[in-house]
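Colleague: What follows is a single structure, and I will ask about it in a moment.
Residue numbers (the UniProt record's numbering), protein chains in the order written: chain R, 1 to 741; chain D, 1 to 741.
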């Protein structure tokens, strides 16, 4: 899909104003103390606004889902109480269908970027890959509304991923400061017109997303550090922490309001907070073996899930490529299939008699509760319906609840597990905002509860605890995070005593799953074709030098260059950076002056500040420009060389590029080991890395390395024998049986 | 004090075997799959061992302190029940004196490196500064035993800092694999003989330290990430998490044993776990203003604490410099002063009548409990003694406990706060292992409880909660961490619902305190003279180029160098790395071949594999060496050039340095901005950075940059005018009044 890679900007790693590192302009815009104060103040204000907005949206999201889905379930349940089963099914299926159709239509026609969870896109952005349109206003609106519709439609999708994307969108849009087109920019926001500050804001935004989805501020922070961010600084932790603290406070305040019953059907269900706190959550070393087994199976299931999801997404991609109509039909078919399963399966379960000593009414009245009546006689309840004919949040609460060990049958939990497993794989790839977190949690929880039921009295742990551990193991097996998942689960269940067990389960399941395949988000990123730059060098890279992978003809400019030349090169190449070389008489011998960016060249051409003769301009050059001209552009359409229209006369004039050149580009010698060059490229966060020749005397630049030159696909394309080397990844290959799928 | 800076090794950033990046030997030792498996296996085994050992030591530490201090308090309390006050004081003071003397003597005579908390030393090491002897076996033993003695001696010192140092020591020693001298090395440990793997292990060790001190596995992990580690990778999070999970499991198992009463006086007191869980821990937005005020004052107090601590440490340094006797006298005086205060102050408090409805016995029997009798009549208790005449752990528990709002008087809490504040400042600098965490927590908790008492019924929060928040604010004001402190406090109090409030308090207090001065550990590091490299470039560095700061005569070697030359240069300089240059006839023009380390040159000289004539040796050169020869040495005495004794004849021979040279050193052009060079140096974790000239034709190397060249003191020494520039740090200067101190 999206393959444009407008990556991170090397200048922005060291300062906020990319352009102004050039020799003449070391005194940057942020020169005065006032500017520093403005910048610091704005940094925190923006984080505050991100926290506030994401908190509000997260709450509104929950409120809408709880009410939409709530009304649907109340109406259908009431009909079933009156034995009008067909009518109930129709109401259920049609409302699901309409909601899915709505979500699919707005996604397909207004913002296809809003489909899916959005976490892979944000993760790739934070690594330096700009997929077009992922942070536009349209995407934001479609993501919020579409996610509400898709979740309310009882599709097996979550809202955590979309909330992360929403948070990132809000951060990006706030940092961009409205739109220049509509005159909404603000002078104080000019400091954020560069890649580094934007990346920081978006990291905070994604932390806020998870924080508001699970009411888990520390979990959200850790998630953004462990999974999302490619670069990390202590200062960023602090700001992200502030953002998630604001989210937590906002949610706390709003829930205070809702507890007084002003939020319609928003009951205990919203903003998942499962209290597994019970007196008997004690556990001993003798329980550890069961937990280990749970972790191992969870890891295997998780990697199987990733494997199947990838296959399904490949098939879906073939369908979706055919056009919007196919996309929408696919989404609608999934909706109908889901409705049939959710309504049909509970009929398979036998009705259980209501327990005598239950504290809850049985059968449940309204929409939540452990005892759904469904088709049963009065005094009986359908345990499968309590799980399956319910919102995911309520299902998770039912599974996590303690002291309900005898309420479910083996078969019901097993059917529920299988249904969730299949439906969540089938639902992710449709053209609607769809998260993976909640489906994975609910699937894992049902798996865990089933294991707990199988073990029965062999273990001291109650089934609710097993469900929590099952969720942990399945999350570890798919998402492959450790600390952040652990904290998110602790914050969800509000029981710190579970910590050691959850830790062990996560470690085991991640280790097991890593033997088979990768992280689910990495798989999706790969499917989408994002050139994600990993943090470590592959072993075979140590056997290559930089000179081995530099390819293609190198385009350089002279310090003072003819306009027609610049236009010609910009039109015929797609490079984003060009080395600037000074030759005699400007210097004694050819010497590398620096690196200029395509975007800056286009700005120079657009302003037409040309010179009639080749001469040096010095700092006067800047009088034609403001800092805005060279600031990183917003998320709209970038300037293109084709938009520049010059006369014959102008084409014959000259430009002094020196003042606009980054005179301190990072360089490596051509004999440098590729692995070491990658470390430099990745750790410093570069977009271009200049290669200089080892032996002086020849041309001063030997080539230019970009992200694509470090991609394993590129290198292995050049040196196919490397694949067969002993450096292959340590990974168990799935048996051929699975390949047949 | 220690200023040797044997920093991180650039080679080790990309591979495990530093030497073998040279052209001829790209096929490194880890070439075979078996080696990779061995390495991976050992990595996890070492983490397991670190977790296990640190967990055991943390538990033993607690057990010893609880029993030593417990016996002391039980004996004195029993004497006081019999009204033998003078005798009680003597027993108390003498036992404290003896324990302090013991701790001071072993520290002063066996391992002065074990004095203090050890966190600054470990933090500096992880930044690349090797202080000599901090990870020796002697230091480890003195740290453990000395810490037990010092804490049992009722000094106002903690055991968390020493446990971090202990964890780091254990990690370093395990990674080193015993001692070569005693034949304790193991072949599989050869992979860890380099800076990068050692740093990783030590990061895990320090995480384990905090985890075992507070039974806070996630808090420990975050502490090591936020405060300790200078480089951070996702993979490291996972391993550190595993380590702290092991610690948590070990502690859990051992506490299971202790709960059955087999641990002597180790009661609820050991391994601080304060349950503030109470039904009425609800809070509302109306409480936020009080919390803000608490945070602001806490921040001011925290920065004042840091300020005073620095002044006291400066005075102590003057005393300690005079010799071991002075050190020990200082420690003993502090012990006597402490004993007098702890025993004397409770007499100032008026006795309170025992509450009628108390669930605990009043006055308390044994050593813990809220109702110490001290000098009071039967039926009465001394509230100040309950706090002050107690271990710190018990005092914290008393302060944190809910539903005890009426048990203390204003004056008692205020006196306790002032005592803790002063004593902890006075106690830190003595020659004994001494942590800061627990003293800061107890001081902050008393401050918070006092504020809670002042507010009385104006706030809905109970005083125990105020104590927790006060501890948070004071921790934030001194340590300046956010996320890790927040999680540690949550794990300590086991109440996740406090999260938003603690977050807000920490943010406020850190922000306020940052306006005045720095982190307490940074202050101590600066006092100790460690050249700590910060993560960001100072603004004035943007105005300088690399060429502006390169100093001193540059020593280079030729690819084939005469032995006498090498010996001469090594004897006359202290450099740790030397550029290797090839000249005609080896190349057409002088060309930079690479960089060789001092340690490797000494190894070459020691092995005496010299050539009679200048010639190239190729890979044959390695047949005289094993990988061990070039591996990073252990923590013992490094090889010195003065140990090498060569004959006249050998001095006239030659060495081909090519096979032993790192042929891919990182380089920057001399016109590179200093700020950007610092980013490269810091992010990639270099020890040497070669500067190459901009214009080719001259000598191929213009200089070499090391850590010291990036130190602000060095740069501002060269360019004093920079200090006066507008780039000064944004920091409120403390009023002159305080300077008088």
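Positions of the beta carbon are idealized from the N, C-alpha and C atoms, including for glycine.
Residue 669 of chain R touches chain D at which residues, Cβ-Cβ below 9 Å?
Modeller: Per Cβ cutoff of 9 Å: 592, 664, 665, 667, 692.
Colleague: Can you find a C-beta in chain R that's less than 7 Å from the C-beta of residue 445 of chain D?
Modeller: No, residue 445 of chain D lies away from the interface with chain R (no Cβ there is under 7 Å from its Cβ).
Colleague: In three-state DSSP terms, what is residue 533 of chain D?
Modeller: Coil, per DSSP.
Colleague: With which residues is residue 194 of chain R paired in a DSSP beta bridge?
Modeller: Note: residue 194 of chain R sits in no beta bridge, so no partner.
Colleague: Name, please, each residue of chain R whose Cβ falls closer than 9 Å to the Cβ of residue 507 of chain D.
Modeller: Within chain R, the residues near residue 507 of chain D are 238, 241, 242, 245.
Colleague: Which of the residues in the segment 456-485 of chain D, read from start to end, lie with their CB under 8 Å from any CB of chain R?
Modeller: Of all residues in the segment 456-485 of chain D, 482, 483 have a Cβ within less than 8 Å of some Cβ in chain R.
Colleague: Within a Cβ cutoff of 7 Å, which residues of the same chain sit near residue 246 of chain D, ignoring the five residues on either side of it in sequence?
Modeller: So the qualifying residues of the chain are 48, 51, 52, 55.
Colleague: Within the same chain, show all residues whose beta-carbon is closer than 6 Å to that of residue 544 of chain D, passing over the 5 residues directly before and after it, in chain order.
Modeller: Hits under 6 Å: 674.
Colleague: What separation, rounded to the nearest whole angstrom, lies between the Cα atoms of residue 59 of chain D and residue 332 of chain D?
Modeller: Cα to Cα, the separation comes out at about 27 Å.
Colleague: Confirm, please, whether the CB-CB distance from residue 474 of chain D to residue 429 of chain D is below 7 Å.
Modeller: No; because the gap between Cβ atoms is not below 7 Å, this pair is not in contact.
Colleague: Just curious, the beta strand (DSSP E) that residue 579 of chain D is in, first and last residue?
Modeller: Run containing residue 579 of chain D: 577-582, per the beta strand (DSSP E) assignment.
Colleague: By the 10 Å Cβ neighbour count, where 16 or more other Cβ atoms means buried, how is residue 356 of chain D classified, buried or exposed?
Modeller: With fewer than 16 Cβ atoms within 10 Å of its Cβ, residue 356 of chain D is classed as exposed.
Colleague: Using the Cβ count rule (16 or more neighbours within 10 Å means buried), how would you classify residue 615 of chain D?
Modeller: Answer is exposed; the Cβ neighbour count stays below 16.
Colleague: Residue 253 of chain R versus chain D: which residues are under 8 Å apart at the beta carbon?
Modeller: Simply 285.
Colleague: Can you find at least 3 beta carbon pairs, one from the segment 221-234 of chain R and one from the segment 481-495 of chain R, that sit closer than 8 Å?
Modeller: These segments touch.
Colleague: Pull up the distance between the alpha-carbon of residue 572 of chain R and that of residue 597 of chain R, whole angstroms please.
Modeller: Straight-line Cα distance between these residues: approximately 15 Å.
Colleague: Checking 7 Å against the spacing of the C-beta atoms, do residue 146 of chain R and residue 437 of chain R come in under that value?
Modeller: No, they are not a contact pair.
Colleague: Helix or strand or just coil, what does DSSP make of residue 721 of chain R?
Modeller: Correct three-state label for residue 721 of chain R: helix.
Colleague: Distance check for residue 324 of chain R and residue 109 of chain R, CA to CA, integer angstroms please.
Modeller: Their backbone Cα atoms lie some 7 Å apart in a straight line.
Colleague: How would you label residue 492 of chain R, buried or exposed, when you count the other beta carbons within 10 angstroms and need 16 or more for buried?
Modeller: Buried.
Colleague: Count the CB pairs spanning the segment 674-692 of chain D and the segment 701-712 of chain D that are closer than 8 Å, and state whether there are at least three.
Modeller: Yes, the segment 674-692 of chain D is in contact with the segment 701-712 of chain D.
Colleague: Using a Cβ-Cβ cut-off of less than 7 Å, list which residues of the segment 533-552 of chain D approach chain R; keep chain order.
Modeller: Of all residues in the segment 533-552 of chain D, 535, 537, 542, 543 have a Cβ within less than 7 Å of some Cβ in chain R.
Colleague: For residue 426 of chain R, decide whether its Cβ has a neighbour in chain D, counting only Cβ atoms nearer than 7 Å.
Modeller: Chain D contact via Cβ: absent.
Colleague: Anything in chain D within Cβ reach of residue 672 of chain R, meaning under 9 Å, just list it in chain order.
Modeller: In chain order: 663, 664, 665, 666, 667.
Colleague: Please list the segments of the alpha helix (DSSP H) lying wholly inside the segment 504-566 of chain D, counting only runs of 4 or more residues, in order along the chain.
Modeller: Listed in chain order, the complete alpha helix (DSSP H) runs (minimum 4 residues) inside the segment 504-566 of chain D are 520-528, 546-549.
Colleague: For chain R, is any of its Cβ atoms less than 7 Å away from the one on residue 526 of chain D?
Modeller: By this cut-off, residue 526 of chain D is not an interface position.
Colleague: Quick check on the burial criterion: 16 or more other C-beta atoms within 10 angstroms. Buried or exposed for residue 656 of chain R?
Modeller: Its Cβ being crowded by 16 or more others within 10 Å, residue 656 of chain R is buried.
Colleague: If you draw a straight line from the C-alpha of residue 567 of chain R to the C-alpha of residue 540 of chain R, how long is it?
Modeller: Whole-angstrom Cα-Cα distance: 39 Å.
Colleague: Can you list, in chain order, the residues of its chain with a C-beta nearer than 6 Å to that of residue 254 of chain D? Leave out the 5 residues immediately preceding and following it.
Modeller: Contacts found: 59.
Colleague: Once DSSP output is grouped into helix, strand and coil, what is the label at residue 701 of chain R?
Modeller: Reduced to three states, the DSSP call for residue 701 of chain R is coil.
Colleague: Please confirm whether residue 229 of chain R has its beta-carbon closer than 7 Å to some beta-carbon of chain D.
Modeller: Not an interface residue.
Colleague: Would residue 347 of chain D pass as an interface residue toward chain R - the criterion being a Cβ-Cβ separation below 7 Å?
Modeller: No - not a single Cβ of chain R is within 7 Å of the one on residue 347 of chain D.
Colleague: Whose Cβ in chain D lies nearer than 7 Å to the Cβ of residue 683 of chain R?
Modeller: What residue 683 of chain R touches in chain D: 683, 684.
Colleague: Taking the beta carbon of residue 41 of chain R as the centre, do at least 16 other beta carbons fall within 10 Å, making it buried, or is it exposed?
Modeller: Under this definition residue 41 of chain R is an exposed residue.
Colleague: Tell me where the beta strand (DSSP E) around residue 389 of chain R begins and ends.
Modeller: It is not in any beta strand (DSSP E) - residue 389 of chain R carries neither H nor E in the DSSP assignment.
Colleague: Are the segment 290-300 of chain R and the segment 504-518 of chain R touching, with three or more C-beta to C-beta distances below 8 Å?
Modeller: Touching, per the Cβ criterion.
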